[in-house]
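Below is one structure, written out as structure tokens; comments come after it.
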Amino acid sequence: MKKSQIVLTQYSPFLSVDTPLIAPDGNSMEIPRVCSLCRCGESKYKPMCDGSHSAAGFVGTRENSDKKAPEHYVGKDITIVFDRYLCMGNGACGELESVFGTHDEPKYDPDAASVDEIIATIKNCPSGALSYILAGEHVINYFDKPQVAVEQNGPLHVQGAVNLIDDQESDKLLPMADHYTLCRCGGSKKKPLCDGSHEDNGFEG
């Protein structure tokens, strides 16, 4: 059975192996079994790599590896689990302001909405920063098939069983969940993970 992987070094693009690629419009892209995806933000053929990282002198060294233990917010019926390091500011949780607050004033109140509303909101978090515990079970996996979805002007959303292999032991920073986000603007301090820098540096692609 083929195993989906994303392989990289500090100096190379993402090498996607046996992993379907989904365009920003939601359609599958025709790609070879092994293909290179841009992570420096400079390619003229995004999301594909065109070698621009070499000319730009791109170095994908991570500047921030300060990962702490996930936070647990215990409610009557559900516990919200938040891995602050993985948060890339997607804002999906802000749709349920009574529980998660706002970007400027975040909070985590697991009793401020129904369990179904909280679960639906958590499942919209692409980075794996949010998960939940219900009836003693930590629920972290949502995707049946591996794929990489390209967000317009944003990161790569990795979904399903896709192993990340690099030379900075980034797999130790990943969520236990079957989804995470990868930087493709080149600006993240948590490379190869996205930290939301694309919002500030005007990344387009």
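Residue numbers (this note's numbering): 23 to 227.
Each residue gets a CB set at the ideal place from its N, CA and C atoms; glycine is no exception.
Since the structure is predicted, the reported quantities are computational estimates derived from the model, not experimental observations.
Length of the line joining the Cα atoms of residue i and residue j
{"i": "V29", "j": "L37", "result": "5 Å"}
{"i": "L59", "j": "S149", "result": "19 Å"}
{"i": "T101", "j": "Y95", "result": "5 Å"}
{"i": "M23", "j": "D40", "result": "Confidence at M23 is low in this model, with a pLDDT of 45, below 50, so the placement of that residue should be treated as unreliable; the coordinate-derived value is given next. Near 10 Å, if we compare the C-alpha coordinates of D40 and M23."}
{"i": "C147", "j": "S76", "result": "33 Å"}
{"i": "H201", "j": "D217", "result": "15 Å"}
{"i": "A142", "j": "Y164", "result": "11 Å"}
{"i": "K25", "j": "V184", "result": "8 Å"}
{"i": "T31", "j": "P42", "result": "21 Å"}
{"i": "K211", "j": "E139", "result": "32 Å"}
{"i": "K66", "j": "G227", "result": "9 Å"}
{"i": "V161", "j": "C205", "result": "25 Å"}
{"i": "E52", "j": "P197", "result": "29 Å"}
{"i": "F225", "j": "D126", "result": "23 Å"}
{"i": "D193", "j": "A78", "result": "26 Å"}
{"i": "G48", "j": "A171", "result": "8 Å"}
{"i": "C115", "j": "R61", "result": "26 Å"}
{"i": "R84", "j": "M110", "result": "15 Å"}
{"i": "G209", "j": "H179", "result": "16 Å"}
{"i": "V81", "j": "G63", "result": "12 Å"}
{"i": "G158", "j": "V103", "result": "13 Å"}
{"i": "P54", "j": "N112", "result": "30 Å"}
{"i": "E12", "j": "I44", "result": "Residue 12 lies beyond the range of the chain shown here (23 to 227); nothing can be said about it."}
Candidates the options: closest to residue i by CA position
{"i": "S34", "options": "P197, L195, D189", "result": "D189"}
{"i": "P132", "options": "I44, R61, C109, L156", "result": "L156"}
{"i": "E230", "options": "L186, Y164, G176, S153", "result": "In the structure as shown, the chain starts at 23 and stops at 227, and residue 230 therefore has no counterpart that could be examined."}
{"i": "N86", "options": "L108, K145, K98, F104", "result": "L108"}
{"i": "P46", "options": "N175, C207, F104", "result": "N175"}
{"i": "C207", "options": "L186, K167, K68", "result": "K68"}
{"i": "S50", "options": "E191, F225, P168", "result": "P168"}
{"i": "N223", "options": "P177, D193, L186, E159", "result": "P177"}
{"i": "C57", "options": "M70, T203, K89", "result": "M70"}
{"i": "L215", "options": "E64, K89, S74", "result": "K89"}
{"i": "E191", "options": "V172, H179, K213, G111", "result": "K213"}
{"i": "A106", "options": "G158, S74, A91, V180", "result": "Sequence inspection shows Arg at residue 106; the Ala mentioned does not correspond to that position. Cα-wise, what sits closest to R106 is A91."}
{"i": "A137", "options": "T203, R55, K98", "result": "With the sequence shown as reference, residue 137 is identified as Val, and Ala is not the correct amino acid for it. The option with the nearest alpha carbon to V137 is K98."}
Neighbourhood of residue i by C-beta, 7 Å cutoff - its chain only, sequence neighbours within 5 removed
{"i": "A135", "result": "L118, S120, V121"}
{"i": "I144", "result": "L152, S153, Y154"}
{"i": "G73", "result": "none"}
8 Å CB neighbourhood of residue i in its chain, flanking five on each side removed
{"i": "G182", "result": "S26, F165, D166, K167, P168, Q169, D200, H201"}
{"i": "K129", "result": "V121, F122, G123"}
{"i": "I187", "result": "Q27, I28, V29, L30, D193"}
Same chain, Cβ closer than 6 Å to residue i, neighbours up to 5 away in sequence not counted
{"i": "L195", "result": "K89"}
{"i": "H220", "result": "G176, C207"}
Task: 4-residue-minimum alpha helix (DSSP H) runs that sit fully inside the stretch 124-175, ordered along the chain - done: Entirely contained in the stretch 124-175, the alpha helix (DSSP H) runs reaching 4 residues are, in chain order, 137-144.
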